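What follows is one structure encoded as structure tokens, with my remarks underneath.
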Amino acid sequence: YYPHLSHGRSRAAVSGVLWSSLHTLIPTISSAAVFFIGAYFLSPSDFGLVGFASALVSIAIAFSPLAFGEALVQQTVMDMIREAQNAGTTVFFSSHNLPEVQAVCDRVGIIREGRLVATERIEDLMKQQLKRLRLSFSSMPPAAAFGQEGVTEIERDGQTVLLEVRDNLNAVLETAVTYHVTDIETESVSLEEVFLAYYGKGNGGNHA
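Heads up: the sequence shown begins at 3 in the numbering used here, then just goes up one per residue.
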């Protein structure tokens, strides 16, 4: 036991983080005392924060960094990630919570059955893989009108039809024109919906 070594100093030594860098991170965490007490005194939230802060070098690997702590702690970590990104740090962010991935990441990789099946900017990925269209008609098409492969009719409401389109977009538009479409709206999809669409492709269904 070395009482002069705090958890912050120990992690900094192991991770190669300059002591001066730790001092710049302390105000972010809003509790300087965290860095100057032994590790066995830390709560799980503080332990995770110190570990994450000490990793903020040119490349950082964050495995489920928001899995610990209450909402305020999670918001602090998200702010730290964004600050690191703005400073030029590359952050590899691994999480099963896809809304938080969508909130903080620029690019995403999707692994299916042990293989990397996509590496795209999140914005581009969502545009390419899944589209949700709300079509308005002067003459409503029959129920089977949009039965093309890769097209799912979600709902009908009055003179509108809501579709999810993964393939055959041209065929959907050609069909819509024949029933006098009056308006086409695109609705946003989430990263989680795109992820589930990938896991529904090909053989193996939803098995990762």
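All C-beta atoms in this analysis are idealised placements derived from N, C-alpha and C, irrespective of residue type, glycine included.
Note that this is a predicted model, so its numbers are computed, not measured.
- Taken through DSSP and simplified to helix, strand or coil, residue 121 comes out as strand.
- For the alpha helix (DSSP H) assignment, the uninterrupted runs of no fewer than 4 residues enclosed by the region 138-183 are, from N- to C-terminal side, 171-180.
- The Cβ atoms of residue 134 and residue 166 lie closer than 9 Å to each other.
- For residue 187, DSSP records a beta bridge to 136.
- Take the alpha-carbon of residue 189 and the one of residue 81: they are about 28 Å apart.
- Under the DSSP assignment, residue 78 falls in the alpha helix (DSSP H) whose first and last residues are 73-88.
- Rounded to whole angstroms, the gap between the alpha carbons of residue 159 and residue 89 is 48 Å.
- Pairing residue 162 with residue 138 gives a Cβ-Cβ distance under 9 Å.
- Contact check for residue 168 against residue 127 fails: the beta carbons are separated by 9 Å or more.
- Take residue 142, set aside five residues on each side of it, and the residues of its chain with a beta-carbon closer than 8 Å to its own are 158, 161, 163 and 181, in chain order.
- Distance from residue 93 to residue 87 at the Cβ level is roughly 6 Å; contact confirmed, criterion being Cβ atoms closer than 8 Å.
- From the listed residues 155, 105, 73 and 101, the smallest Cα separation to residue 83 is found for 105.
- For residue 174, the CB contacts under 8 Å within the same chain, skipping 5 residues up- and downstream, are 135, 148, 150, 153, 165 and 167 in chain order.
- The beta carbon of residue 193 lies closer than 8 Å to those of 100, 101, 103, 104, 110, 124, 127 and 128 in the same chain, with the five residues before and after it left out.
- Taking every protein chain shown into account, the CB of residue 112 has 16 or more other CB atoms within 10 angstroms, so this residue is buried.
- By the neighbour-count definition (other C-beta atoms within 10 Å, threshold 16), residue 179 is an exposed residue.
- Residue 115 has its alpha-carbon roughly 43 Å from the corresponding atom of residue 184.
- Taking all protein chains in view, the Cβ of residue 119 is surrounded by fewer than 16 other Cβ atoms within 10 Å, so the residue is classified as exposed.
- The beta-bridge partner set that DSSP reports for residue 192 is empty.
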